[in-house]
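Take 4 as the starting number for the sequence shown in the numbering used here and just add one per residue.
Right, one structure below, let's go through it.
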Amino acid sequence: MKTDDLKSTRERIISQGIRDFIGELQMINPEYFVSFITIGMHASLEDLVNSCAELYFEPGFVKLGQGSSVEMSWVRPPKVTLDIELEDPLMTAFIQVNLERNMAKVRLNYIRFGTGHEDPERNTEHLAIAMSRQGRTAAMSR
Numbered sequence: 004m005k006t007d008d009l010k011s012t013r014e015r016i017i018s019q020g021i022r023d024f025i026g027e028l029q030m031i032n033p034e035y036f037v038s039f040i041t042i043g044m045h046a047s048l049e050d051l052v053n054s055c056a057e058l059y060f061e062p063g064f065v066k067l068g069q070g071s072s073v074e075m076s077w078v079r080p081p082k083v084t085l086d087i088e089l090e091d092p093l094m095t096a097f098i099q100v101n102l103e104r105n106m107a108k109v110r111l112n113y114i115r116f117g118t119g120h121e122d123p124e125r126n127t128e129h130l131a132i133a134m135s136r137q138g139r140t141a142a143m144s145r
């Protein structure tokens, strides 16, 4: 499998695995993201991310990274980029989640596998296992 295809496949697996979490992030008023990011209130931003993550994942699986940013102008809604780390014994993925008005996009920056197989497709299988193992139904829907 080509490197670009492999990355796209892994991004798709991650996107599907965190879809509900991203939906929770999109329900937050963008003004909070803009304020917390521009003023440097990293702990408050981290609280928002953790509150959304705890509904769907085991504690510690989703962590806010250090490089979140926001793009704003007078003529269009803000675009928020959150650096997120997904950590499981099988892998650690470093992603960016881009949030805009009615869409979200996941970009995989780097992934480290605990197993370290030489076969990239086998590592991708481990990613899928990790994502399915970590995901859970929201506590409110049980």
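Cβ coordinates follow ideal geometry from the N, Cα and C atoms, glycine included.
Remember, predicted model here, so these are calculated numbers, not experimental data.
Leaving out five residues on either side along the sequence, give the residues of the same chain with a beta carbon under 7 Å from the beta carbon of E90. By 1-based counting over the sequence shown, the position of residue 90 is 87. Excluding positions up to five away in sequence, the list reads G63, F64 and K66.
Cβ of Y59 within 8 Å of Cβ of F36? Counting from one through the sequence shown, the residue named residue 59 turns up at place 56. Counting from one through the sequence shown, the residue named residue 36 turns up at place 33. No, the pair does not count as a contact, with Cβ atoms beyond the cut-off.
Pairwise C-alpha distance: N126 and T118: Locating residue 118 in the sequence shown gives position 115, counting from the first residue. Locating residue 126 in the sequence shown gives position 123, counting from the first residue. Using only the alpha carbons, I get a separation of about 8 Å.
Consult DSSP for Q137 and reduce its assignment to one of helix, strand or coil. Counting from 1 along the sequence shown, the entry for residue 137 is found at position 134. If DSSP states are grouped into helix, strand and coil, Q137 belongs with the helices.
For E74: DSSP bridge partner residues: Here residue 74 refers to the residue found at position 71 when the sequence shown is read from its first residue. DSSP output for E74 lists K82 as bridge partner(s).
Check each candidate in G26, M134 and D8 and name the one with the smallest Cα separation from P92. Walking along the sequence shown from the start, residue 92 turns up at place 89. If we check each option's Cα against that of P92, M134 comes out closest.
For S18 versus V83, is the C-beta distance shorter than 8 Å? Within the sequence shown, residue 18 is the residue found at index 15, counting from 1. Within the sequence shown, residue 83 is the residue found at index 80, counting from 1. Taking 8 Å as the Cβ cut-off, S18 and V83 do not qualify as a contacting pair.
Whole-angstrom Cβ separation of A131 and L111, contact assumed at under 8 Å? For the purposes of this step, residue 131 is taken as the residue at position 128 of the sequence shown. For the purposes of this step, residue 111 is taken as the residue at position 108 of the sequence shown. Going by Cβ atoms, the distance from A131 to L111 rounds to 14 Å, so no, they are not a contact pair.
Measuring alpha carbon to alpha carbon, tell me which of I21, D7, Q29 and E14 ends up nearest N105. Stepping through the sequence shown from its first residue, residue 105 is reached at position 102. Ranking I21, D7, Q29 and E14 by Cα distance to N105 puts Q29 first.
Could you tell me how far apart the beta carbons of V73 and I40 are, in whole angstroms, since I believe they sit closer than 8 Å? Along the sequence shown, one-based indexing puts residue 73 at 70. Along the sequence shown, one-based indexing puts residue 40 at 37. Indeed they touch by this definition, with Cβ atoms about 5 Å apart.
The beta strand (DSSP E) that contains Y35, what's its start and end? Position 32 of the sequence shown, counted from the start, is the residue given in the question as residue 35. Counting along the chain, Y35 falls outside any beta strand (DSSP E), though it belongs to the alpha helix (DSSP H) covering P33 to I42.
Which value, in whole angstroms, describes the spacing of the CA atoms of E14 and P33? Here residue 14 corresponds to residue number 11 of the sequence shown, with the count starting at 1. Here residue 33 corresponds to residue number 30 of the sequence shown, with the count starting at 1. Rounded to the nearest angstrom, the two C-alpha atoms are 24 Å apart.
Alpha-carbon spacing of E128 relative to S71, whole angstroms: As a first step, residue 128 must be located in the sequence shown, where it is residue number 125. As a first step, residue 71 must be located in the sequence shown, where it is residue number 68. For E128 and S71, the distance between alpha carbons rounds to 29 Å.
Between the alpha carbons of A46 and C55, how many angstroms are there, rounded? What you label residue 46 is simply residue 43 of the sequence shown in a count that begins at 1. What you label residue 55 is simply residue 52 of the sequence shown in a count that begins at 1. C-alpha separation (whole angstroms): 14 Å.
When every heavy atom of the ligand ADP is checked, does at least one fall within less than 7 Å of the C-beta of G20? Questions concerning the ligand ADP fall outside what the structure shown contains, since it holds no ligand whatsoever.
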